[in-house]
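S.K.: All letters in the sequence shown, in the order written, are residues 659 to 1143 by the numbering used here.
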Amino acid sequence: MLLEIVVEHGQHQGLIAELGRLRSTGDEINTLLGYSLVHWKIESGQINLTDYRQRSLALLDRLCAHRDRAETAASDNQLDDVIADLKKIGQAAGNLRQLLDHDFFVKPGTAAPAAPAEKPARIDSTRHPFAEPGSALFNCRLLVVDDQEMNREMLLRRLFRMGYNATAAEDGKAALELMVREQFDLVLLDIVMPVMDGYEMLSRIKADNRLRHIPVIMLTAVDDPSSTVRCIENGAEDYVPKPFNPVILRARINASLEKKRLRDMERAYMAEIQTEKAKSEHLLLNILPKAVSERLKGGEKTIVNDFAHATVLFADIVGFTRIAAENPAVDTVNLLNEIFSAFDQLLDKTGVEKIKTIGDAYMVVAGVPVPQPDHALRAAHMALGILQTVSDFNVRHGFNWSVRIGMHSGPLVAGIIGSKKFAYDLWGDTVNVASRLESQGEPGVIQISSATADLLRPYCELIARGQLDLKNRGRISTFQLLRLR
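1) Tell me whether residue 773 sits in a helix, a strand or coil according to DSSP, three-state version.
2) Ordered along the chain, which non-local residues of its own chain (more than five positions away) have a Cβ less than 6 Å from that of residue 775?
3) What number of angstroms, rounded off, separates the C-alpha of residue 706 from the C-alpha of residue 847?
4) Output the distance between the C-alpha atoms of residue 870 and residue 911, rounded to the nearest integer angstrom.
5) Report the partner residues of residue 963 according to the DSSP bridge assignment.
6) For the candidate residues 887, 904, 905, whose alpha-carbon lies nearest to that of residue 897?
7) Would a C-beta distance cut-off of 9 Å place residue 721 and residue 689 closer than the cut-off?
8) Return the first residue and the last residue of the alpha helix (DSSP H) that residue 818 is part of.
9) Do you know offhand how far residue 831's Cα is from residue 820's?
10) For a quick check, are the C-beta atoms of residue 843 and residue 798 less than 9 Å apart?
11) Any idea what DSSP makes of residue 686, helix, strand or coil?
12) Under 8 Å: do the segment 1111-1120 and the segment 992-1007 share three or more Cβ pairs, one atom per stretch?
13) Among 1074, 1061, 1081, which has the Cα closest to the Cα of residue 1095?
14) Taking 9 Å as the cut-off, decide whether the C-beta atoms of residue 1033 and residue 1077 are in contact.
15) Only counting the same chain, and skipping five residues up and downstream in sequence, which positions put a Cβ closer than 6 Å to that of residue 1104?
16) How would you write the range of the beta strand (DSSP E) that residue 1011 sits in, first residue to last?
17) DSSP beta-bridge partners for residue 1137?
18) Apart from the five residues just before and just after residue 873, which ones in its own chain have a Cβ nearer than 6 Å to its Cβ?
19) Starting from residue 710 and walking both ways along the alpha helix (DSSP H), at which residues does that stretch end?
20) Please name the residue or residues paired with residue 823 in a DSSP beta bridge.
21) Residues in the same chain with beta-carbon distance under 7 Å from residue 673, minus the five sequence neighbours each way, listed in chain order, please.
22) Bridge partners of residue 1067, per DSSP?
23) Determine the contact status of residue 1108 and residue 1137, defining contact as a CB-CB distance below 9 Å.
24) Do residue 987 and residue 1010 count as a contact pair if the criterion is CB distance below 9 Å?
25) Are residue 804 and residue 851 closer than 9 Å when you measure CB to CB?
26) Under a three-way DSSP split, which group does residue 779 fall into?
27) Can you give me the Cβ contacts of residue 1128 inside the same chain, cut-off strictly under 7 Å, excluding the 5 residues immediately before and after it?
28) Mapping the DSSP letters down to three states, classify residue 1153 as helix, strand or coil.
29) Can you tell me whether residue 1062 is helix, strand or coil according to DSSP?
30) Could you tell me which whole alpha helix (DSSP H) segments of length 4 or greater appear in the segment 861-940?
31) Under DSSP, the alpha helix (DSSP H) around residue 1032 begins and ends at which residues?
32) Does residue 989 pass the burial test, meaning 16 or more other C-beta atoms within 10 Å, or should it be called exposed?
33) Are there 16 or more other CB atoms within 10 angstroms of the CB of residue 714, so buried, or fewer, so exposed?
34) Compute the Euclidean distance between the alpha carbons of residue 792 and residue 757, then round it to the nearest angstrom.
35) If the criterion is Cβ atoms closer than 9 Å, does the pair residue 857 and residue 892 meet it?
36) To the nearest angstrom, how far is the alpha carbon of residue 1049 from that of residue 958?
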């Protein structure tokens, strides 16, 4: 990257040539380190550490000579930024020389040099790129995780020049804490680190539902295929060896960000689909009973069933035609909506199913679409609840509204009719009898048939009302439901 900076400055051919030789020597050192310092080669005796040390020191001497000449040229041209970076290269060369002077290399068989003492984790300041504020690069945030300060600094500068907004952390623990607090689009993660290494951090990222969608590219100098496999199997998006090729690094970063963008779009679309699906299901449940809705979603075209035992209830507001004529239409509809909505609140409490409203009439059934042995008792709870609801409504508004209620128990047919604006409806003599018991009843009275009375006697107080002449049925005995026992 130093070479790129100097080339951008213009006419510094001598410095450019020296930096080229410096980079070439650095590549030789990296190749030697990557090839030789592999644990299995050292343990098997394939590497002569004394020879390795001599070759490394010779390369270091050559690198330092190129560095010194480059620094002199940079000083002559007053390139302060370049001088600062060349000094860092000199420091790194000095550190490597100290390692090569360790007994591990001088006296083979001794323990390997100890790792530097751990320092408190530090998070480097965010670098902002010279990109247009509206560009995709400017909006992407990258997190660099590496325990080597020089590596972090060089990578941050590289990303900065590429146009990315990047932040760095010194180890996995500090990086995870930062990821929980802030949003990132990509993580560039080193493997060998103190406190928490790259493997553990990668596993924690992929185990956290808040973070697992963030792609991770592993950056490491470890020359071990099994390490690559382990990273990919643990969920890494990609793997780039050090020293990395800037062109390849940029391509893999962009590819990972593009895949993340597409995955984010997919997640957003799926969330939107789930929201719309929930709305559709809610609307469907307002039209159909849940059991019928599930069958319809399961692909059934025709839904019709016979029910041997069910109780149908009709409730009608007495004198509603007069009420509607005496009040503005909007007020009337609002009042009707209020009282029917209050009736709806009773449905979940009693376990009965609302079928429909017809003008000012309210129709429910118990024992349909799911059979219920106590269907008559459930309908009785609903009927008594309706009377109490109307009483509360009158107190609240100062009205004197009343309802007639009719109930009958017996067999019926239930199913969906129509293909557009379809509805779940009931058919049969049981429905007709319940409707007539309501229409020929009295205000404030729950009038039931003898069939329903027989089912309710153990649980409710009833009184006989006498005979009622119904069309096509003749005379039937009726009863009034007073209260629960």
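Heads up, the beta-carbon is just placed ideally off N, CA and C, and yes, glycines get one too.
In this text the structure is predicted, and so the values were computed from the model without any measurement.
M.R.: Concretely, from the data shown:
1) Residue confidence is low: residue 773 scores 45 on pLDDT, short of 50, so the model does not pin down where it sits. No coordinate-derived value is stated.
2) Residue placement at residue 775 is flagged as unreliable, the pLDDT there being 45, under the threshold of 50; a coordinate-derived value is accordingly withheld.
3) 32 Å
4) 17 Å
5) 1072
6) 887
7) no
8) 807-820
9) 27 Å
10) yes
11) helix
12) no
13) 1061
14) no
15) 1041, 1063, 1139
16) 1011-1016
17) 1106, 1122
18) Answer for residue 873: 844, 895, 914, 918, listed in chain order.
19) It spans 707-734 - the alpha helix (DSSP H) in which residue 710 sits, taken as one unbroken run.
20) 799
21) 664, 728, 731, 732, 735
22) Looking at the DSSP assignment, residue 1067 forms a beta bridge with 969.
23) Contact flag set, yes.
24) no
25) yes
26) Reliability of the predicted coordinates at residue 779 is poor, the pLDDT of 48 falling under 50, and the value obtained from them is presented with this limitation in mind. Coil at residue 779, not helix or strand.
27) 1091, 1094, 1134
28) The chain is shown only over 659 to 1143; residue 1153 falls outside these bounds and no answer can be derived.
29) strand
30) 883-891
31) Looking at the DSSP string, residue 1032 is not in any alpha helix (DSSP H), and its letter there is neither H nor E.
32) exposed
33) buried
34) Per-residue confidence for residue 792 stands at a pLDDT of 43, beneath the threshold of 50, marking its modelled position as unreliable; the derived number appears in the next sentence. Their Cα atoms are separated by approximately 47 Å.
35) In this structure, residue 892 lies closer than 9 Å to residue 857 by Cβ.
36) 43 Å
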